[in-house]
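Taking it in order: structure first as structure tokens, then the write-up.
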Amino acid sequence: MTRGPARPSRAERRRLQTALEVLGSGVLAHRAQAATASALAEDDPGAAAGREALRHGLHRGLLRVVLRLLVRADLVRGGVLPPGPGPGGAPASWAEARAEAGRLAVGRGGAPHLGGVFRTDPDGDALAGVRLPAGAWTAAATTLAGLGGTEHGPDDAGDWPALAYEWLLELEPQVHVPASGPPQWRLVRSRDARRASGSWWTPPDVVALVLDEALDPVLEQAVRAPEPTAALLDLRVLDPAVGAGDFLLAAGHRVVARLGDLGVPARTAWSQVARGCLVGVDRDPLAADLAQARLWHAVARAGAQPACLDDRLVVGDSLVGTTPDLLAAGLPDLALTATDGDDRADLADRRRTNARERTAAATPCVPTRRRPRAARDAADAWCLAFLDRPAPVTDAGVRALAAGTDPEAAARVRGAAARHRPVHWHLDLPDLAARGGADVVVGNPPFLSPLRAGALVSRRRSLVRHVHGGLGGPKADESTYFLLLAARLRRPGGRVGLVLPDSVLASADAADVRRGVAARHAVAALWRGDGSEFGAAVTPVALVLADPDPDPDPGAAVPRLLEGRPATPLPDRPRRVLAEAWASGRWSLLAARRLGALLERPSAPHDLTVGDLADVAADYRDQYYGLRGAVVEARPDDHDPRPRLVTTGAVDPWRLRWGEVESRFDGARYRRPVVDLDRLDARMQRWAARRLVPKLLVATQGRTLEIVLDRDGTLLPCVPVISVVPTGGLGLEQLGALLGSPAVHDLLVARTLGSGLGAHSLKVSATDVRAVPAPAGAAAAADLGAAGLLLGALASDARARARFAMLTDAACGLDPQDSRPWESALLATVRDQEA
748 MTRGPARPSR AERRRLQTAL EVLGSGVLAH RAQAATASAL AEDDPGAAAG REALRHGLHR
808 GLLRVVLRLL VRADLVRGGV LPPGPGPGGA PASWAEARAE AGRLAVGRGG APHLGGVFRT
868 DPDGDALAGV RLPAGAWTAA ATTLAGLGGT EHGPDDAGDW PALAYEWLLE LEPQVHVPAS
928 GPPQWRLVRS RDARRASGSW WTPPDVVALV LDEALDPVLE QAVRAPEPTA ALLDLRVLDP
988 AVGAGDFLLA AGHRVVARLG DLGVPARTAW SQVARGCLVG VDRDPLAADL AQARLWHAVA
1048 RAGAQPACLD DRLVVGDSLV GTTPDLLAAG LPDLALTATD GDDRADLADR RRTNARERTA
1108 AATPCVPTRR RPRAARDAAD AWCLAFLDRP APVTDAGVRA LAAGTDPEAA ARVRGAAARH
1168 RPVHWHLDLP DLAARGGADV VVGNPPFLSP LRAGALVSRR RSLVRHVHGG LGGPKADEST
1228 YFLLLAARLR RPGGRVGLVL PDSVLASADA ADVRRGVAAR HAVAALWRGD GSEFGAAVTP
1288 VALVLADPDP DPDPGAAVPR LLEGRPATPL PDRPRRVLAE AWASGRWSLL AARRLGALLE
1348 RPSAPHDLTV GDLADVAADY RDQYYGLRGA VVEARPDDHD PRPRLVTTGA VDPWRLRWGE
1408 VESRFDGARY RRPVVDLDRL DARMQRWAAR RLVPKLLVAT QGRTLEIVLD RDGTLLPCVP
1468 VISVVPTGGL GLEQLGALLG SPAVHDLLVA RTLGSGLGAH SLKVSATDVR AVPAPAGAAA
1528 AADLGAAGLL LGALASDARA RARFAMLTDA ACGLDPQDSR PWESALLATV RDQEA
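The sequence shown begins at 748 in the working numbering and counts up one residue at a time.
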């Protein structure tokens, strides 16, 4: 495994935290900020939002100050900047540090034009006009002196500010109010703060693996061109969620190495590659600025003068932006849809107005290149109609902005756009648009679920879905849309290489995304990690896309399928299965360690499925809410005739744990929950009658399929437990034996890989259960019947498990298979029960 740059040690982390706390407490202590200190020290619930915004702004401003000092120290060591007279070569004072940053931001007063971390934060300068006691500045600069330099090698020193920032993201500011004296700035560690960003430092071996598969083939093609140097320098490598620049920096090293092989000096190569080949975007201004600082370090190490890369490392929201085609189509009524807290009547009026204006428009809205500012105003307003309330414009307003005829609206739009920072790729990076996209799109975009979304996030998701063709369900991870974006921005002949959560492989909410991507791209490589890569509770995959083969050859090379760290090839599998899995969107089959014999065998026209032999149903919110008020604790005696309510936690393999484990329903806890049928309305009573029949109850998530038999039909399933009611062909025990078999375990693990909560769990839906292949014929039924007699002994008897595996394999028409994965999952589940 490749060693990563040295992360801050405990002592270094303490120094970073101390420097921030000293600066923050100094700001609060100075009499010039007495009003700020007083506002932060208040405990008025009505002012909580304003207090939080003030605290957040100060925290971001102080982070920028500390990171400037770390980056500046690296530039001093590289000979780019002269040392200052303060501790460790820092500026002598707070005022001088801010003045120097102003010069470096724009290249004024003989200073190099660097921009980046030295510019004013695009979110606003919360420290403008703030004064600091001299002692606080000296103490902070002294604490930071030498960090990331003397303790680390020259290459790690360039990475160190970014590594420090990654750790600092885990800190949240608090204001401590002592009994006497000014408030104190304190930082506390919060994993929630870190996870909220959805961004994680990408291990170098994962970066290398992605670049091996996504970048190197493009480099090989470039060096074979008639003018290889020009071809290499013409490449564009894009990271649409650049973070601190892990991928761009590593890609730059590879391009520079190829240029070096052609005789281009490193000094020249790095200057041109950093300025021309590497492009990135990120919502976090500090992350983008630190990516720029790492490229400065590489350029300086090569002996060249770093330059400002603000136009190549753009601060903005990659997913939020429009296109010329969308603008030409007019503002959709969807933009004016109400969410929680919106004025629904006002938006309904605006939608009607918008529809009339769009229908009456004589020509498409096409901003001209002669009015670049107007073009941006129109594009921003189009997005803000989705994002802001009250919505700033309707269709006619967008057209007026494009024509440059409404300066007052333009001023309002510019203020709002500064908050959201939409990225319009044709305006922000026009060279990419002009050349048809990037040659390589790489990155590790944020892993963020929309389930925690508020109204603003919901409006943003509506915009993002519309821009990406309406694809993706409500639970689709944010990274899914980066996959769609990368696929759209990939130039013909280029490649995409993204690190994504493994939920992208099987999530139902990403199914249409997978099919859409597969229709226009081939999979060149797929890797699935082992869960150790990030601090996030997720297993990553790396997906590499390339041009589809216009005339696929049955003997053509299959995609490289890898797993683990270090990456090792997965076992070979039939090309037919791989092609069908990719095209159908069942990408989990590409990453599964084993497919199982049911998947690898050719399908027969007469094959049945469980859905042909049983009524398989999963209840949803209507049934959940319909049970409200009817769930009670069973009477103390054992003769309560009311149906027992079975939650997923009470379903273990062939054992019902109702009454043994605590169940939760509608915010309450029960030991022995039952349903009082008399309290149900007529609709729910009909539902209960349909469920109170002999059936299987199947839990939706676990290491293996967890099933209990309800022979008497006295159990009611609680959402999301799946009910399987035989309708003919196989009986209850026979169906249970089939669904609980090793062959079906292998099939479901492969089909649902990535959809569970952990690296070793599967998650099934009623659709998955219906699709399980079912054997036909008397011999198969007999084998399953014999296997059904063993169900109660599987957890405790090894011989019973061996015979069960043999019988179910025979029933499925399979030669004896390796049942160890199923047995291991079953026994691990049993051990969890006992613990």
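Ideal Cβ positions, reconstructed from N, Cα and C, are used throughout, including at glycine.
Which residues DSSP lists as bridging residue i, in chain order
| i | result |
| --- | --- |
| ARG933 | GLN921 |
| PHE1412 | ALA1415 |
| GLY1190 | LEU1245 |
| GLN1448 | LYS1510 |
| ARG1275 | VAL1288, GLU1310 |
| LEU1392 | LEU1463 |
| TRP907 | Per DSSP, none; premise fails for TRP907. |
| GLU1380 | PRO1420 |
| GLY1027 | ASP986, LEU1060 |
| LEU1456 | LEU1443 |
| ARG1402 | ASP1399 |
| VAL1471 | VAL1363, LEU1443 |
| LEU1355 | ALA1521 |
| VAL1270 | LEU1292 |
| THR1152 | According to DSSP, which records beta bridges pairwise, THR1152 is partnered with nothing at all. |
| ALA1185 | ARG1237 |
| THR1315 | GLU1310 |
| PRO1169 | ASP1064 |
Cα-Cα separation between residue i and residue j, rounded to whole angstroms
| i | j | result |
| --- | --- | --- |
| SER927 | HIS803 | 25 Å |
| ALA1521 | VAL1472 | 15 Å |
| ALA1339 | ASP1124 | 48 Å |
| GLY1460 | LEU1392 | 12 Å |
| LEU1427 | ALA1377 | 6 Å |
| PRO1400 | VAL1455 | 7 Å |
| ALA998 | GLY1007 | 14 Å |
| ASP1387 | CYS1465 | 19 Å |
| SER1566 | PRO1169 | 52 Å |
| ALA1040 | LEU1134 | 32 Å |
| VAL853 | PRO1111 | 39 Å |
| ALA1138 | ALA1150 | 20 Å |
| LEU1176 | PRO834 | 40 Å |
| GLY1589 | ARG983 | For residue 1589 there is no data in the structure shown, the boundaries of the chain being 748 and 1582. |
| PRO1352 | ASP1457 | Unreliable placement is indicated for PRO1352, whose pLDDT of 46 sits below 50; the coordinate value is still reported in the next sentence. Cα-Cα distance, rounded: 33 Å. |
| THR1286 | ALA988 | 19 Å |
| GLU1310 | ARG1498 | 17 Å |
| ALA1202 | ALA1163 | Low local confidence applies: a pLDDT of 48 at ALA1202 is under 50, so the model's placement there is unreliable, with the coordinate-based value given in what follows. Using only the alpha carbons, I get a separation of about 17 Å. |
| ALA1021 | CYS1130 | 31 Å |
| GLY895 | LEU956 | 27 Å |
| THR1086 | TRP1329 | 36 Å |
| VAL1408 | VAL1379 | 16 Å |
8 Å Cβ cutoff, residue i in contact with chain B
| i | result |
| --- | --- |
| GLY1332 | The structure shown contains no chain B; it holds only a single protein chain. |
Cut-off 8 Å between Cβ atoms - residues of its own chain near residue i, not counting five sequence neighbours on either side
| i | result |
| --- | --- |
| ALA1585 | Absent from the structure is residue 1585, since the part of the chain shown begins at 748 and ends at 1582. |
| PRO1295 | ARG1267, HIS1268, ALA1269 |
| PRO859 | VAL827, LEU828, LEU851, GLN1052, PRO1053, ALA1054 |
| PRO775 | It should be pointed out that residue 775 corresponds to Leu in this sequence rather than to Pro. Closer than 8 Å at Cβ, skipping near neighbours: THR783, ALA784, LEU787, VAL922, PRO929, PRO930, GLN931, TRP932. |
Close beta carbons around residue i, own chain, < 6 Å, minus the five adjacent residues each side
| i | result |
| --- | --- |
| ARG1098 | ASP1080, LEU1083 |
| ALA781 | none |
| GLN931 | SER772, HIS923 |
Own chain, CB closer than 7 Å to residue i, minus 5 neighbours either side, in chain order
| i | result |
| --- | --- |
| ARG1312 | MET748, ASP952, GLY1276, ASP1277, SER1279 |
| THR1227 | GLY1219, VAL1251, ALA1257, VAL1260 |
| ARG1235 | none |
| ARG1656 | Any property of residue 1656 remains undetermined from this structure, which presents the chain solely from 748 to 1582. |
The stretch 882–896 in contact with the stretch 759–767 per 3-pair CB rule at 8 Å: yes
In chain order, which continuous runs of the alpha helix (DSSP H) of length 4 or greater are located wholly inside the stretch 1209–1240? 1225–1236
Start-end ranges of the alpha helix (DSSP H) lying completely within the stretch 754–802, minimum 4 residues: Whole alpha helix (DSSP H) segments, 4+ residues: 757–776, 781–788.
Three-pair Cβ contact test at 8 Å for the stretch 1049–1068 versus the stretch 1092–1101: Because the criterion of three Cβ pairs below 8 Å is not met, the stretch 1049–1068 and the stretch 1092–1101 do not touch.
Kindly confirm or deny that the stretch 1238–1250 and the stretch 958–977 touch, where touching means at least three C-beta pairs closer than 8 Å. yes
Does the stretch 1446–1453 come close enough to the stretch 1416–1431 to have 3 or more Cβ pairs within less than 8 Å? No, they do not touch.
Note down, one range per segment and in chain order, each alpha helix (DSSP H) of at least 4 residues found wholly within the stretch 1082–1129. 1091–1107
With a threshold of 8 Å, are at least 3 pairs of Cβ atoms found where one atom belongs to the stretch 1478–1485 and the other to the stretch 1311–1329? no
If we require 3 or more residues per run, which beta strand (DSSP E) segments fall completely within the stretch 990–1057? 1025–1029
Stretch pair the stretch 1526–1534 + the stretch 1351–1369: three plus CB contacts closer than 8 Å: The stretch 1526–1534 makes no contact with the stretch 1351–1369, as fewer than three CB pairs between them are under 8 Å.
Validate contact between the stretch 864–881 and the stretch 812–820 using beta carbons, cut 8 Å, 3 pairs: yes
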